[in-house]
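For reference, the structure discussed in these notes is given below.
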Amino acid sequence: MSMNDSLRFGVLPRQLLLEALDSVQKVLFPISNPKCYALLQSLITKCSFDPDCLRFESSTIRNDDEKDISYHYFGSRFVELYEELQRPATHNPLEKWLERKSAPR
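Just add 1164 to the spot in the sequence shown (first one is 1) and you have our numbering.
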């Protein structure tokens, strides 16, 4: 079903929902990582994150062909975030000035 068809019926596309679940459970807060799990628990307790983030197992709602999905909606944004982590952009005037002065001529 296309995005327009989904929205016409008042539902979000399945692919978008699967990407959102994967983003939370596998990318941002992989439950298998104790530090990520503790951070998510803290965000639930202190910042009103949805407690279902800890309880929901996405494998129960996936079809057999949806175990590994492509990120059609969020993929390019994840690439941008990854590149920013690898090469952070300068933000304040001093950093920008230093970057200009130290650039190869």
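Each residue gets a CB set at the ideal place from its N, CA and C atoms; glycine is no exception.
Task: Complete alpha helix (DSSP H) runs within the region 1198-1242 (minimum length 4 residues, chain order) - done: 1198-1211 and 1216-1219
Task: Rounded straight-line distance, which links the Cα of Asp1232 to that of Cys1211 - done: 30 Å
TODO: Would you kindly check if the distance between the Cβ of Leu1182 and the Cβ of Phe1220 is under 9 Å?
DONE: No. Outside cutoff.
Open item on the list: Looking at Gln1189: is its Cβ nearer than 9 Å to the Cβ of Ser1222?
Closed with: yes
Open item on the list: Do Ile1225 and Cys1217 count as a contact pair if the criterion is CB distance below 9 Å?
Closed with: no
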